[in-house]
Amino acid sequence: MKTQALRAALPHTLPVLVGFLVLGASYGFLMQSQGLAFLYTLLSSLFIFAGSMQFVSVGLLLAGFEPLHVFLLTLMINARHLFYGLALLEKYRGLGWKKPYLIFGLCDETFSIHCAVDPPPGVDKGWFYFFITLLDQSYWVAGSVVGALLGQLLPMDTTGLEFVMTALFVVIFLNQWDQQTDHRPALIGAGCALACLALFGSEHFLLPAMGLMVLCLAPARPKTEKEAHTP
């Protein structure tokens, strides 16, 4: 059962492997360039596992300890996961002990795979989602470890490395655009984000944008699902 689920999950994660090795290595390089020990890189990838937040955490680790500031900043950066969780309630229902790890290990790329792919016939749903999540995190940990080790051997200028996460999100958006025939959700999402960016500024637009997307997209969900299941 486990082997079958692993074989079914692996091909769907290979694009993430390529991206996470590069992004993780960038993070490892950045950590080393700031004088942070290899152990910090490994533990943060294992227990934080949030690409955007990990890049931000480099500065937080070097600054004074402000737990309330860190909490609020983390909430703002990762608020989208609140909406991810709502979208996966049915898929994760009844998965037992695997569910806590699936919640912890959820990232943008894993969410995209879980939403787009269902387990093949005969493959256990819980193990299928578990291995997708585990493989994606393993790729990130491996990339960050390799980057940290290379950073010790090959010092380099890390200016601009933070932009790799933005580049990844753009690629994911373009990939989803290419795969879907109905571009209305993408256009609504982009429009909501741009409107809130103009109104609230780059520091505070994320939560309003997410809320506005839900308000705009929720009424159209029944119609969208009906169209998706119509042959």
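The sequence shown runs contiguously to residue 214 in the working numbering. Don't be surprised by glycine CBs; every beta carbon is placed ideally from N, CA and C.
Contact check, residue i vs residue j, beta carbons under 8 Å
i: Leu4; j: Val124; result: no
i: Gly34; j: Val128; result: no
i: His97; j: Lys82; result: no
i: Gln159; j: Ala150; result: no
i: Val100; j: His(-5); result: yes
i: Ala8; j: Ile115; result: no
i: Gly131; j: Phe21; result: Going by the sequence as given, residue 131 is Ala instead of Gly. Yes, they are a contact pair.
i: Leu0; j: Tyr112; result: no
i: Leu56; j: Val39; result: yes
Burial state of residue i (16 or more Cβ within 10 Å)
i: Val154; result: exposed
i: Phe188; result: buried
i: Gly79; result: exposed
i: Gly2; result: buried
i: Gln37; result: buried
i: Leu136; result: exposed
i: Leu51; result: exposed
Nearest-angstrom beta carbon gap, residue j and residue i [assumed within contact, 8 Å]
i: Val41; j: Met14; result: 6 Å
i: Leu44; j: Leu65; result: So it is not a contact: roughly 25 Å between Cβ atoms.
i: Ser27; j: Gly134; result: Contact doesn't hold; Cβ gap of about 14 Å is too wide.
Inter-residue spacing [alpha-carbon to alpha-carbon] between residue i and residue j
i: Tyr84; j: Met(-16); result: 19 Å
i: Ala257; j: Arg(-10); result: The structure shown does not extend to residue 257, since the chain is modelled only from -16 through 214, so no value can be given for it.
i: Arg167; j: Leu200; result: 9 Å
i: Asp119; j: Thr93; result: 7 Å
i: Leu69; j: Arg76; result: 11 Å
i: Gly174; j: Leu117; result: 33 Å
i: Ala62; j: Leu198; result: 16 Å
i: Ala46; j: Pro(-2); result: 35 Å
i: Pro102; j: Leu89; result: 17 Å
i: Leu179; j: Leu157; result: According to the sequence displayed, residue 179 carries Cys and not Leu. Roughly 21 Å between the two C-alpha positions.
i: Thr(-14); j: Ser185; result: 45 Å
i: Ser95; j: Lys108; result: 16 Å
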